[in-house]
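Just so you know, the protein sequences line up as chains R and L, in that order. Residue numbers for the first sequence follow this note's numbering, so the first one is 31 and each next one is one higher. Residue numbers for the second sequence follow this note's numbering, so the first one is 31 and each next one is one higher. Cβ atoms here follow ideal geometry from the backbone N, Cα and C, with glycine treated the same way. Bear in mind the structure is a predicted one, so any value in this text is a computation, not a measurement. Here's the structure we're looking at; comments come further down.
There are 2 protein chains.
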Amino acid sequence: MRVMRAEQFGIKREVEYGNKQQNEAVVQIVADVKARGDAALLDYTKQLDGTELTPQQLRVDEKTIAAAYEQVDEQFLTAIREAAQNIRLFHEKQKRNSWMDMESNGTILGQIMRPLKRVGLYVPGGKAAYPSSVLMNVIPAQVAEVPEIVMVTPPATNGQPGVDPYILVTAAEVGVTEIYQIGGAQAVAALAYGTESIKPVDKICGPGNIYVALAKKEVFGVVDIDSMAGPSEIVVLADKTANAVYVAADLLSQAEHDEMAAAIMVTTSEQLAHQVAAEVEKQLAVLPREAIARRSIDQYGAVLLVDSLEDGIRVVNDLAPEHLEIMTNDPMSILGKIENAGAIFLGDYSSEPVGDYFAGPNHIIPTNGTARFASPVNVDDFMKKSSMIYYSKQALMDNGHKIMTLARHEGLEGHARAIAVRLENEQ
Amino acid sequence: MRVMRAEQFGIKREVEYGNKQQNEAVVQIVADVKARGDAALLDYTKQLDGTELTPQQLRVDEKTIAAAYEQVDEQFLTAIREAAQNIRLFHEKQKRNSWMDMESNGTILGQIMRPLKRVGLYVPGGKAAYPSSVLMNVIPAQVAEVPEIVMVTPPATNGQPGVDPYILVTAAEVGVTEIYQIGGAQAVAALAYGTESIKPVDKICGPGNIYVALAKKEVFGVVDIDSMAGPSEIVVLADKTANAVYVAADLLSQAEHDEMAAAIMVTTSEQLAHQVAAEVEKQLAVLPREAIARRSIDQYGAVLLVDSLEDGIRVVNDLAPEHLEIMTNDPMSILGKIENAGAIFLGDYSSEPVGDYFAGPNHIIPTNGTARFASPVNVDDFMKKSSMIYYSKQALMDNGHKIMTLARHEGLEGHARAIAVRLENEQ
Numbered sequence: 031m032r033v034m035r036a037e038q039f040g041i042k043r044e045v046e047y048g049n050k051q052q053n054e055a056v057v058q059i060v061a062d063v064k065a066r067g068d069a070a071l072l073d074y075t076k077q078l079d080g081t082e083l084t085p086q087q088l089r090v091d092e093k094t095i096a097a098a099y100e101q102v103d104e105q106f107l108t109a110i111r112e113a114a115q116n117i118r119l120f121h122e123k124q125k126r127n128s129w130m131d132m133e134s135n136g137t138i139l140g141q142i143m144r145p146l147k148r149v150g151l152y153v154p155g156g157k158a159a160y161p162s163s164v165l166m167n168v169i170p171a172q173v174a175e176v177p178e179i180v181m182v183t184p185p186a187t188n189g190q191p192g193v194d195p196y197i198l199v200t201a202a203e204v205g206v207t208e209i210y211q212i213g214g215a216q217a218v219a220a221l222a223y224g225t226e227s228i229k230p231v232d233k234i235c236g237p238g239n240i241y242v243a244l245a246k247k248e249v250f251g252v253v254d255i256d257s258m259a260g261p262s263e264i265v266v267l268a269d270k271t272a273n274a275v276y277v278a279a280d281l282l283s284q285a286e287h288d289e290m291a292a293a294i295m296v297t298t299s300e301q302l303a304h305q306v307a308a309e310v311e312k313q314l315a316v317l318p319r320e321a322i323a324r325r326s327i328d329q330y331g332a333v334l335l336v337d338s339l340e341d342g343i344r345v346v347n348d349l350a351p352e353h354l355e356i357m358t359n360d361p362m363s364i365l366g367k368i369e370n371a372g373a374i375f376l377g378d379y380s381s382e383p384v385g386d387y388f389a390g391p392n393h394i395i396p397t398n399g400t401a402r403f404a405s406p407v408n409v410d411d412f413m414k415k416s417s418m419i420y421y422s423k424q425a426l427m428d429n430g431h432k433i434m435t436l437a438r439h440e441g442l443e444g445h446a447r448a449i450a451v452r453l454e455n456e457q
Numbered sequence: 031m032r033v034m035r036a037e038q039f040g041i042k043r044e045v046e047y048g049n050k051q052q053n054e055a056v057v058q059i060v061a062d063v064k065a066r067g068d069a070a071l072l073d074y075t076k077q078l079d080g081t082e083l084t085p086q087q088l089r090v091d092e093k094t095i096a097a098a099y100e101q102v103d104e105q106f107l108t109a110i111r112e113a114a115q116n117i118r119l120f121h122e123k124q125k126r127n128s129w130m131d132m133e134s135n136g137t138i139l140g141q142i143m144r145p146l147k148r149v150g151l152y153v154p155g156g157k158a159a160y161p162s163s164v165l166m167n168v169i170p171a172q173v174a175e176v177p178e179i180v181m182v183t184p185p186a187t188n189g190q191p192g193v194d195p196y197i198l199v200t201a202a203e204v205g206v207t208e209i210y211q212i213g214g215a216q217a218v219a220a221l222a223y224g225t226e227s228i229k230p231v232d233k234i235c236g237p238g239n240i241y242v243a244l245a246k247k248e249v250f251g252v253v254d255i256d257s258m259a260g261p262s263e264i265v266v267l268a269d270k271t272a273n274a275v276y277v278a279a280d281l282l283s284q285a286e287h288d289e290m291a292a293a294i295m296v297t298t299s300e301q302l303a304h305q306v307a308a309e310v311e312k313q314l315a316v317l318p319r320e321a322i323a324r325r326s327i328d329q330y331g332a333v334l335l336v337d338s339l340e341d342g343i344r345v346v347n348d349l350a351p352e353h354l355e356i357m358t359n360d361p362m363s364i365l366g367k368i369e370n371a372g373a374i375f376l377g378d379y380s381s382e383p384v385g386d387y388f389a390g391p392n393h394i395i396p397t398n399g400t401a402r403f404a405s406p407v408n409v410d411d412f413m414k415k416s417s418m419i420y421y422s423k424q425a426l427m428d429n430g431h432k433i434m435t436l437a438r439h440e441g442l443e444g445h446a447r448a449i450a451v452r453l454e455n456e457q
């Protein structure tokens, strides 16, 4: 793993959000599903996933879900249940109440919080079918009290109908039973516009390949979508007190995700820098996903030397990483200065996988520098706000003329008259 | 104004979010500004706005802003200042603190709230230059403590450099002085990617024409954007106690905005229905923006009869209006049943313009049925969240094996090993 001065490093992952050809294919699929509904959905599932389904098979039936329980092991079930509980506890603290504010003239202003009514969750198929991501999407929506949560996931890749049993069991554990075995842009279109078999949703969440991402962008506005997920990254900010073995293992836990993933250490200690670089090589050599992790480390990984932790903080804020681990003598002295980071892990024992699976905070976190403006998935993502205005007669009498002044300045006489008819009638 | 049974009404405003030609033009402009910076920006300003600017003229200078104060009247200034104060008071109540939660094993989990660093506000030019919208975008960002707020607005339409003095004064009143006289897709691209003269932002807000909307969609992901603004609507839910003159005036205050605007009354009272329809005609005849309002009323307006207020509530929730006025004997008995409405106005004196200009809640509200999933502009829109995880040694010892189980199930051995190296070392 390369070691260099921070100034010499320029992370450049030009993420291609789809080319023209992919985009045109998606626009066409979305339009077709909108126009032809189930028929188009079944056509694309046959054509793109190689699975022939009947309309009745679109939705995974209760028997299949029950049978899935026999295919998963008890240890997994125990762990996923406890993880779900932790995730629920954390997200419950995010929930906000409606509020009202009374003024002395009798006016009441407020903000009303309401759940979305129906949310669609995209769960990737194949090797990227992660039960933990089901929890991380579903539970915040449930805490928000979304009454209808529906899941789509591509059929198994063997050409037969069927969905990963671990995904089905995880969904069932958190009470999601409306599951359709469809994927790709066609699944996104079905959720956005509805078909004969699938009612449209208000929001679509969850990661997917480039076609899924482009389809979500295409239907944005018709429904809400979550953010575009890009390649993942970790930055470890460390001083000489950090444990090189821990740091290396954490860097690799990120690198093994994806060849585009970035694993970066920023440190004030030249000794640690070289220890970590050597330790990464050592651990890499025996990692099952060595090939992926090595490409990630070679292309986007680095150990960056800085003169001071202050300089290190600046580097971190520029990178705006999805995950930040602070392994220094006094992590709290750094926390307040971190402006951009999706999730911040403090101290020796807060290894990233703790957050990925178990602690409670969400693991769906803004990637690729978007922590500058975006947030981990949270309960607010599944709620909407309404303003409430109860204006008193007194307030209108006192302020009506100012409102009319502003309306008339903007050339909106109709607005002014809506006030005027009241002032004339009531005075 | 047509009166009909609610069941017979189908509001269908197929909003065209740009055609292929417009979209291709936008993609090209955005790419060009990204590549050529200021030079492209000046070229498009000349070509599309008809205004020739030097690079030095891109930013409106302090003298021009100071001079603008001499062109606005005192009454406007007084009203806009008081409106700004009300808007600030309301939005301050939305602001949220970071929080932490301690567990008995020493673990600390939390959510950190941070402002975005730099936000760009698009303000339309010409007749749609609304000072009130400047307040409604800028103040929530300021309450969020966004340190840099920058404004773009097209140059005056007379071919000379220059910006509406009311816009400049309103911006200056709330402390915004970084203002560029550029508009269209080129302005959005400049904000997203930056040019020699303009630093890139983290988020772009504010309404604009179809080119602006498409450009925002195009740069989404590089920066955050606000929602797509569509045509505006009001629904008045009224029983026989409502004042027909007030209802008609409020409907017209919406209709005068835009030929695509929708003004709809839903009522249990046939008598009121006909009174309002007649009153709308009467008031329309003397409205300055009669032509616009009439087309809106004819195309999208309606008085809808329902058998009960419960039925009326269902109609309202289906329409998911931007603005809802409840003018019934007991509005509070209805409020709790409203699921979808951007802003809710209760009682005889809460006329929509009260909220448009003065009361305090935001007037940028989800349109065209998107109140199903979207919210009025609010302080959260200018903040981001970070998760914080301080996991204790005890917690890792207790839970490490469960985390490893879940990681291994997902085939991510590197994740499991990041835990394992700690368990081995510490036990």
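In this structure, residue 70 of chain R places its C-beta atom within 7 Å of the C-beta atom of residue 63 of chain R.
Take the alpha-carbon of residue 74 of chain R and the one of residue 216 of chain R: they are about 7 Å apart.
Contact of residue 419 of chain R with chain L is assigned, a C-beta pair being separated by under 7 Å.
Counting along the chain, residue 101 of chain L sits inside no beta strand (DSSP E), nor does DSSP assign it H or E at all.
Pairing residue 290 of chain R with residue 329 of chain R, the inter-Cα distance amounts to about 8 Å. By the neighbour-count definition (other C-beta atoms within 10 Å, threshold 16), residue 338 of chain R is an exposed residue. Per DSSP, the unbroken alpha helix (DSSP H) holding residue 342 of chain R starts and ends at 339-349. Residues of chain L with a Cβ closer than 7 Å to the Cβ of residue 433 of chain R are, in chain order, 383, 384, 387, 388. Chain order gives the chain R residues near residue 123 of chain L as 129, 131, where near means a beta carbon separation below 7 Å. If the five residues before and after residue 248 of chain R are omitted, its C-beta is found closer than 7 Å to the C-beta atoms of 56, 57, 60, all from its own chain and listed in chain order.
Annotated three-state conformation of residue 60 of chain L is helix, per DSSP. Bridge partners of residue 141 of chain R according to DSSP: R:129, R:417.
Between the alpha carbons of residue 128 of chain L and residue 333 of chain R lies a distance of about 31 Å. According to DSSP, residue 292 of chain R shares a beta bridge with R:263.
Residue 118 of chain R has a beta carbon lying at 7 Å or more from every beta carbon in chain L. Beta-bridge partners assigned by DSSP to residue 297 of chain R: R:268, R:335. Residue 388 of chain R is bridged by DSSP to nothing; it lacks a bridge partner.
Annotation for residue 200 of chain R: 110, 161, 164, 165 place their beta carbon closer than 7 Å to its own, counting only its chain and skipping 5 residues before and after.
No Cβ-Cβ contact shorter than 7 Å links residue 275 of chain L with residue 295 of chain L. In this structure, residue 250 of chain L lies away from residue 232 of chain R, with their beta-carbon atoms at least 7 Å apart.
Close partners of residue 323 of chain R in chain L (Cβ separation under 7 Å): 444. Distances from the alpha-carbon of residue 155 of chain R to those of R:348, R:133, R:35, R:183 put R:183 closest.
Shown here, residue 454 of chain L sits in a helix according to DSSP, grouped into three states. Annotation for residue 196 of chain R: 102, 161 place their beta carbon closer than 6 Å to its own, counting only its chain and skipping 5 residues before and after.
Using a CB distance cut-off of 7 Å, residue 305 of chain R does not count as an interface residue toward chain L.
Assigned with DSSP and collapsed to three states, residue 373 of chain R falls in strand. Residues are counted here when their Cβ sits less than 8 Å from a Cβ of chain R; for the stretch 331-350 of chain L the count is zero. Counting along the chain, residue 433 of chain R sits inside the alpha helix (DSSP H) bounded by residues 423-439.
Contact between residue 446 of chain L and residue 437 of chain L holds: CB atoms are separated by about 4 Å, below the 8 Å threshold.
Taking residue 309 of chain L as the centre and dropping the five residues before and after it, the same chain places the C-beta of 274, 275, 278 closer than 7 Å to its C-beta, in chain order.
Not flagged as an interface residue toward chain R: residue 326 of chain L, since no C-beta distance is shorter than 7 Å. Non-local beta-carbon contacts of residue 224 of chain R in its own chain, meaning distances under 6 Å to residues more than five positions away in sequence, involve 230 in chain order.
Proximity of residue 258 of chain L to chain R, defined by a Cβ-Cβ separation below 7 Å, is satisfied.
Of all residues in the stretch 198-220 of chain L, none comes within less than 9 Å of chain R when Cβ atoms are compared. In the DSSP assignment, residue 152 of chain L falls within the beta strand (DSSP E) that extends over 148-152.
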